[in-house]
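Taken in order, these protein sequences are the chains called A and B. Counting in the UniProt record's numbering, the first sequence runs from 1 upward without gaps. Counting in the UniProt record's numbering, the second sequence runs from 1 upward without gaps. Idealized CB from N, CA, C, for every residue including glycine.
There are 2 protein chains.
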Amino acid sequence: MDPHLLRTFVAVARLGSFSAAASELGYTQSAVSQQIAALEHDLGATLLLRRPVRPTDAGARLLEHAGPILLRLGAARADVARLSGPPSASVALQVTPLAALDAPALAAAGRSMPRVALTVGVAARDEVAAAVATGAADLGLLDGVTAPSDPLPLPDAGPLTTRTVAEEPVVVALAAGHPLAGRRSVRLADLADARWLDAPAVATPLPQLRALARAEGFRPGLTYSGSDRATLLALVAAGAGLALLPASVVAEVPAVGVAEPRLVHRTELVHGSLTAAARAFVAAWGH
Amino acid sequence: MDPHLLRTFVAVARLGSFSAAASELGYTQSAVSQQIAALEHDLGATLLLRRPVRPTDAGARLLEHAGPILLRLGAARADVARLSGPPSASVALQVTPLAALDAPALAAAGRSMPRVALTVGVAARDEVAAAVATGAADLGLLDGVTAPSDPLPLPDAGPLTTRTVAEEPVVVALAAGHPLAGRRSVRLADLADARWLDAPAVATPLPQLRALARAEGFRPGLTYSGSDRATLLALVAAGAGLALLPASVVAEVPAVGVAEPRLVHRTELVHGSLTAAARAFVAAWGH
DNA sequence: CTACCTTACGAAGGACGTAATTATT
DNA sequence: AATAATTACGTCCTTCGTAAGGTAG
Numbered sequence: 001m002d003p004h005l006l007r008t009f010v011a012v013a014r015l016g017s018f019s020a021a022a023s024e025l026g027y028t029q030s031a032v033s034q035q036i037a038a039l040e041h042d043l044g045a046t047l048l049l050r051r052p053v054r055p056t057d058a059g060a061r062l063l064e065h066a067g068p069i070l071l072r073l074g075a076a077r078a079d080v081a082r083l084s085g086p087p088s089a090s091v092a093l094q095v096t097p098l099a100a101l102d103a104p105a106l107a108a109a110g111r112s113m114p115r116v117a118l119t120v121g122v123a124a125r126d127e128v129a130a131a132v133a134t135g136a137a138d139l140g141l142l143d144g145v146t147a148p149s150d151p152l153p154l155p156d157a158g159p160l161t162t163r164t165v166a167e168e169p170v171v172v173a174l175a176a177g178h179p180l181a182g183r184r185s186v187r188l189a190d191l192a193d194a195r196w197l198d199a200p201a202v203a204t205p206l207p208q209l210r211a212l213a214r215a216e217g218f219r220p221g222l223t224y225s226g227s228d229r230a231t232l233l234a235l236v237a238a239g240a241g242l243a244l245l246p247a248s249v250v251a252e253v254p255a256v257g258v259a260e261p262r263l264v265h266r267t268e269l270v271h272g273s274l275t276a277a278a279r280a281f282v283a284a285w286g287h
Numbered sequence: 001m002d003p004h005l006l007r008t009f010v011a012v013a014r015l016g017s018f019s020a021a022a023s024e025l026g027y028t029q030s031a032v033s034q035q036i037a038a039l040e041h042d043l044g045a046t047l048l049l050r051r052p053v054r055p056t057d058a059g060a061r062l063l064e065h066a067g068p069i070l071l072r073l074g075a076a077r078a079d080v081a082r083l084s085g086p087p088s089a090s091v092a093l094q095v096t097p098l099a100a101l102d103a104p105a106l107a108a109a110g111r112s113m114p115r116v117a118l119t120v121g122v123a124a125r126d127e128v129a130a131a132v133a134t135g136a137a138d139l140g141l142l143d144g145v146t147a148p149s150d151p152l153p154l155p156d157a158g159p160l161t162t163r164t165v166a167e168e169p170v171v172v173a174l175a176a177g178h179p180l181a182g183r184r185s186v187r188l189a190d191l192a193d194a195r196w197l198d199a200p201a202v203a204t205p206l207p208q209l210r211a212l213a214r215a216e217g218f219r220p221g222l223t224y225s226g227s228d229r230a231t232l233l234a235l236v237a238a239g240a241g242l243a244l245l246p247a248s249v250v251a252e253v254p255a256v257g258v259a260e261p262r263l264v265h266r267t268e269l270v271h272g273s274l275t276a277a278a279r280a281f282v283a284a285w286g287h
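In structure tokens form, the structure reads like this:
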């Protein structure tokens with residue numbers, strides 16, 4: 001199961017086309033066809049249905065493995081490169097939208113090191129973690145909601161070092177006229193049948209909400225795919241649905257604390273092995 | 001980074017010899033030398049020091065990734081095979097030593113299916129999980145200690161289905177004359193400086209204990225590498241050290257409950273996608 | 001001098017591109 | 001008919017084994 005073949009398989013499945021995958025990967029259509037045939041022969045199973053191109057059950061199963069495998073392979077390569085490569089004078093940082101609220105601390109740490117070029121990018125949590133694991137970023141700043149004693153769940157791409165930089169209560173943001181407005185606190189599970197706002201980039205994604213509440217439900221009323229906090233709050237205020245957010249983000253909108261289960265919103269700084277510049281940056285973070 | 005090369009690299013590092021790895025893998029010494037050279041060239045780093053053969057820093061880092069990568073690759077292959085292969089009339093089960101306490105339920109489930117051949121093997125938790133992930137076993141029965149709401153931590157080899165079959169309080173087993181004997185309960189962190197019995201196969205391994213207590217310490221007084229419960233209890237009774245165990249296992253020996261953090265000992269039945277025979281077995285488990 | 005890793009070299013196999021073929025819409 | 005995957009085939013590159021060469025203990 002050559003990673004090369006796996007990469008091609010993933011591309012074909014994603015694009016739904018041999019030829020499109022070929023041009024994306026810089027192969028001929030024929031080469032891609034041969035690679036898929038080789039993979040199918042190796043595994044002894046048909047992985048793709050043709051015309052239209054779409055994964056079989058076995059292929060879908062393989063896809064679930066292929067991503068993590070390719071990610072870990074990249075992480076291994078990056079890890080070795082960091083240990084044996086030349087030190088860099090620049091620091092690449094990736095942050096999730098809400099973690100960017102720590103911008104003041106970030107800017108301060110950046111100012112304290114005038115000699116290093118600092119690059120900041122914004123992405124979803126798994127992407128930030130993947131970037132750090134594969135060395136595309138030196139540092140990640142990511143946020144999420146968990147039980148107080150649990151770490152934020154990250155895709156398993158090897159050992160990453162994690163440091164909590166902020167932790168605060170979570171609240172359910174809601175519209176002013178909502179029946180729950182004014183309540184002191186609620187149990188998350190009691191809100192399973194409420195109308196939720198699905199904003200995976202900014203608020204807690206609904207699948208995670210189900211896992212945290214250990215309950216089904218939490219159906220999306222409206223989906224907001226952007227990453228702007230003000231827009232999200234405006235939508236909540238307009239009654240589009242509930243959103244689980246860190247307390248400090250919710251200002252202009254009523255909110256109710258969550259009593260059960262016990263949850264916190266945490267911002268973590270995560271990195272693999274560091275270059276000297278990145279290490280200094282992490283040290284400077286603590287002021 | 002061909003998995004083939006990775007496998008060879010792991011073998012060489014483990015055996016500390018190119019020639020030994022060659023004979024284990026069925027290559028000539030020369031082929032192994034060329035494979036390692038190819039891997040080092042690909043990654044642009046020296047991975048092994050020669051004479052004596054031992055990993056460099058970069059090589060050690062790569063080793064941390066190689067195991068999980070190879071495991072996941074095997075899991076992917078097994079998963080595809082299960083979905084497209086022929087149904088089997090036998091069920092292979094792997095259990096951890098303490099999970100074997102569920103033997104009555106196990107035997108009952110086996111008896112209820114006279115037509116299928118049932119194989120049972122005993123191994124450590126990670127090995128059981130790896131066997132299930134790679135398809136070496138259909139079902140795993142494994143045990144461990146965690147927070148009540150957390151699943152047992154398993155090596156990440158893809159999505160496995162998990163079902164709790166037993167859950168009970170944990171206690172610290174100790175010798176009759178121990179100062180703590182008679183106490184109602186203790187906080188785990190308060191025992192960091194006590195003398196512990198390191199019995200990774202039967203009791204909670206000490207590194208895990210440190211993680212659960214979120215404290216350093218828990219130094220081993222004596223290490224018991226066997227997997228026999230009676231021997232373990234005899235050692236505890238003889239004052240060799242403390243052991244964190246499920247309550248039901250501790251009978252002849254004094255024990256103290258753990259108040260903080262809240263912990264349980266859980267036994268879980270875990271499997272990937274199931275053959276018909278294995279599925280019936282799982283169903284029969286519930287009587 | 002001896003065990004053991006590396007290098008040289010040739011043969012076998014594998015991978016990719018071009019081009020012809022087949023199959024689906 | 002047109003679009004798109006497969007097969008045929010030649011070339012190049014890779015990989016392995018045999019055998020010779022180096023090197024550390």
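- Query: Along chain A, which residues have their Cβ under 8 Å away from the Cβ of residue 288 of chain B?
  - Reply: Outside the modelled stretch of chain B, which goes from 1 to 287, sits residue 288 of chain B, for which no answer is possible.
- Minimum Cβ-Cβ distance from A:Ser88 to chain B less than 7 Å: Here the question's residue 88 of chain A lines up with position 88 in the first sequence. No - not a single Cβ of chain B is within 7 Å of the one on A:Ser88.
- Query: Is A:Arg266 close to chain B, meaning its C-beta is less than 7 Å from at least one C-beta of that chain?
  - Reply: By one-based count along the first sequence, residue 266 of chain A stands at place 266. No, A:Arg266 does not count as interfacial toward chain B.
- Cutoff 8 Å; reference A:Pro68; Cβ partners in own chain excluding five residues on either side: Reading the first sequence from its first residue, position 68 is the one you call residue 68 of chain A. So the qualifying residues of the chain are Pro155, Asp156 and Ala157.
- Smallest Cα separation from B:Ala107: which of B:Ala238, B:Thr119, B:Glu216 and B:Val145? As a working mapping, residue 107 of chain B is identified with position 107 in the second sequence. The shortest C-alpha separation from B:Ala107 is found at B:Thr119.
- Message: On a Cα-Cα basis, can you pick out the residue from A:Asp138, A:Leu152 and A:Ala137 that is closest to A:Gly144?
- Response: In the first sequence, the residue the question calls residue 144 of chain A occupies position 144. Closest by alpha carbon: A:Leu152.
- Message: Please list the terminal residues of the continuous alpha helix (DSSP H) segment that includes A:Glu64.
- Response: For the purposes of this step, residue 64 of chain A is taken as residue 64 along the first sequence, with counting starting at 1. Here the alpha helix (DSSP H) through A:Glu64 covers Asp57 to Ser84.
- Task: Could you say which of A:Arg125, A:Ala277 and A:Val250 lies nearest to A:Val172 if we only look at CA atoms?
- Result: Numbered from 1 along the first sequence, position 172 holds the residue referred to as residue 172 of chain A. Minimum Cα distance to A:Val172 is reached at A:Val250.
- Give every residue of the same chain whose Cβ lies closer than 7 Å to the Cβ of A:Pro159, excluding the five residues on either side of it in the sequence, and list them in chain order. Position 159 of the first sequence holds residue 159 of chain A. Same-chain partners within the cutoff: there are none.
- Task: Please check the pair A:Val253 and A:Leu233, which I expect to be a contact at CB under 8 Å, by giving their CB distance rounded to whole angstroms.
- Result: Position 253 of the first sequence, counted from the start, is the residue given in the question as residue 253 of chain A. Position 233 of the first sequence, counted from the start, is the residue given in the question as residue 233 of chain A. Going by Cβ atoms, the distance from A:Val253 to A:Leu233 rounds to 5 Å, so yes, they are a contact pair.
- Spatial neighbours of B:Pro29 within its chain, please: CB distance less than 7 Å, with the 5 preceding and 5 following residues excluded, ordered by chain position. Taking the second sequence and counting its residues from 1, the one referred to as residue 29 of chain B is at position 29. The residue asked about is misnamed: residue 29 of chain B is Gln in this sequence, not Pro. For B:Gln29, same chain residues with a beta-carbon under 7 Å away, outside a window of 5 residues either side, are Phe18, Ser19 and Ala22 in chain order.
- Using the Cα positions of A:Val10 and B:Arg51, report the straight-line distance between them to the nearest angstrom. Within the first sequence, residue 10 of chain A is the residue found at index 10, counting from 1. Within the second sequence, residue 51 of chain B is the residue found at index 51, counting from 1. If you take the alpha carbons of A:Val10 and B:Arg51, they lie about 42 Å apart.
- Item | Selection from A:Arg72, A:Ala89, A:Glu24 and A:Ala60 that minimises the alpha carbon distance to A:Leu274 | For this step, residue 274 of chain A is matched to residue 274 along the first sequence. Closest by alpha carbon: A:Ala89.
- Of the choices B:Leu212, B:Ala76, B:Ala131 and B:Gly44, whose alpha-carbon is the least far from that of A:Arg82? Counting from one through the first sequence, the residue named residue 82 of chain A turns up at place 82. It is B:Gly44.
- Return the CA-CA distance between B:Ala259 and A:Ala124, expressed in angstroms with no decimal places. Here residue 259 of chain B refers to the residue found at position 259 of the second sequence. Here residue 124 of chain A refers to the residue found at position 124 of the first sequence. Rounded to the nearest whole angstrom, the CA to CA distance from B:Ala259 to A:Ala124 is 38 Å.
- Message: I need the DSSP call for A:Thr231, collapsed to helix, strand or coil.
- Response: Translated into positions along the first sequence, residue 231 of chain A becomes position 231. Helix, per DSSP.
- Item | Alpha-carbon spacing of B:Ser84 relative to A:Arg219, whole angstroms | What you label residue 84 of chain B is simply residue 84 of the second sequence in a count that begins at 1. What you label residue 219 of chain A is simply residue 219 of the first sequence in a count that begins at 1. So the alpha carbons of these two residues sit roughly 35 Å apart.
- Message: Which of the three DSSP states is assigned to A:Ser90 in this structure?
- Response: What you label residue 90 of chain A is simply residue 90 of the first sequence in a count that begins at 1. Here DSSP, grouped into helix, strand and coil, assigns A:Ser90 to strand.
- Keeping to the same chain, check which residues put their C-beta closer than 7 Å to that of residue 288 of chain B; ignore five residues upstream and five downstream. Residue numbering for chain B in the displayed model covers 1 to 287; residue 288 of chain B lies beyond these limits and cannot be assessed.
- With a threshold of 16 other CB atoms inside 10 Å of the CB of A:Arg184, please say whether the residue is buried or exposed. Residue 184 of chain A sits at position 184 when you count from the first residue of the first sequence. Looking at its Cβ environment, which holds fewer than 16 other Cβ atoms inside 10 Å, A:Arg184 is exposed.
- Message: Taking 7 Å as the threshold (C-beta atoms), are A:Ala76 and B:Leu49 in contact?
- Response: Looking up residue 49 of chain B in the second sequence gives position 49. Looking up residue 76 of chain A in the first sequence gives position 76. Not closer than 7 Å, so no.
- Assign B:Pro148 to buried or exposed, taking buried as 16 or more other Cβ atoms, counted over all protein chains shown, within 10 Å of its Cβ. For this step, residue 148 of chain B is matched to residue 148 along the second sequence. Classification for B:Pro148: exposed.
- Query: If you run the structure through DSSP and keep just helix, strand and coil, what is A:Val25?
  - Reply: Within the first sequence, numbered from 1, the residue matching residue 25 of chain A stands at position 25. One point to set straight first is that residue 25 of chain A is Leu, not Val, in the sequence displayed. If DSSP states are grouped into helix, strand and coil, A:Leu25 belongs with the helices.
- Message: For A:Thr275, report the span of its beta strand (DSSP E) as first-last.
- Response: Residue mapping note: residue 275 of chain A aligns to position 275 of the first sequence, counting from 1. First-last for A:Thr275: undefined, no H or E at that position.
- Task: Mind checking which residues open and close the beta strand (DSSP E) that includes A:Pro220?
- Result: Position 220 of the first sequence, counted from the first residue, corresponds to residue 220 of chain A. It spans Pro220 to Thr223 - the beta strand (DSSP E) in which A:Pro220 sits, taken as one unbroken run.
- Message: Tell me which residues share the same chain as A:Val264 and place their Cβ nearer than 6 Å to its Cβ, disregarding the 5 neighbours each side in the sequence.
- Response: As a position in the first sequence, residue 264 of chain A is number 264, starting the count at 1. Taken in chain order, the residues that qualify are Pro148 and Glu167.
- Query: Got a sec: which bits of the segment 192-205 of chain A sit with their beta carbon under 9 Å from any beta carbon on chain B, in order along the chain?
  - Reply: Answer set for the segment 192-205 of chain A: empty.
- Pick from A:Val95, A:Thr164, A:Leu101 and A:Val122 that is closest to A:Leu141, judged by C-alpha positions: Numbered from its first residue, the first sequence carries residue 141 of chain A at position 141. Among A:Val95, A:Thr164, A:Leu101 and A:Val122, the Cα nearest to that of A:Leu141 is on A:Val95.
- Query: Opposite A:Pro207 in the DSSP bridges: which residues?
  - Reply: As a position in the first sequence, residue 207 of chain A is number 207, starting the count at 1. Answer by DSSP bridge pairing: none, since A:Pro207 is not bridged.
- Message: I'd like to know if A:Ala58 contacts chain B, where contact means its C-beta is closer than 7 Å to some C-beta of that chain.
- Response: Numbered from 1 along the first sequence, position 58 holds the residue referred to as residue 58 of chain A. Interface residue, yes.
- Item | CB of A:Pro97 within 7 Å of CB of A:Ser227, strictly | Stepping through the first sequence from its first residue, residue 97 of chain A is reached at position 97. Stepping through the first sequence from its first residue, residue 227 of chain A is reached at position 227. Yes, the Cβ-Cβ distance between A:Pro97 and A:Ser227 is below 7 Å.
- Task: Scan the segment 151-170 of chain A for residues whose Cβ lies nearer than 9 Å to a Cβ of chain B and list them as they occur along the chain.
- Result: Listed by position along the chain: Pro155, Asp156, Ala157, Gly158 and Pro159.
- Message: If you follow the beta strand (DSSP E) that A:Thr162 is in, where does it begin and where does it stop?
- Response: Along the first sequence, read from residue 1 onward, the residue named residue 162 of chain A stands at position 162. Note, A:Thr162: beta strand (DSSP E), Thr161 to Ala173.
- Could you tell me the distance, in whole angstroms, from the CA atom of A:Ala201 to the CA atom of A:Ala100? For this step, residue 201 of chain A is matched to residue 201 along the first sequence. For this step, residue 100 of chain A is matched to residue 100 along the first sequence. If you take the alpha carbons of A:Ala201 and A:Ala100, they lie about 12 Å apart.
- Are A:Glu268 and A:Thr161 touching if we call contact CB-CB under 7 Å? Indexing the first sequence from 1 puts residue 268 of chain A at position 268. Indexing the first sequence from 1 puts residue 161 of chain A at position 161. Not a contact, by the Cβ cut-off of 7 Å.
- Query: Just the Cα atoms here: how many angstroms apart are B:Val91 and B:Pro114?
  - Reply: Translated into positions along the second sequence, residue 91 of chain B becomes position 91. Translated into positions along the second sequence, residue 114 of chain B becomes position 114. Just so you know, the alpha carbons of B:Val91 and B:Pro114 end up roughly 12 Å apart.
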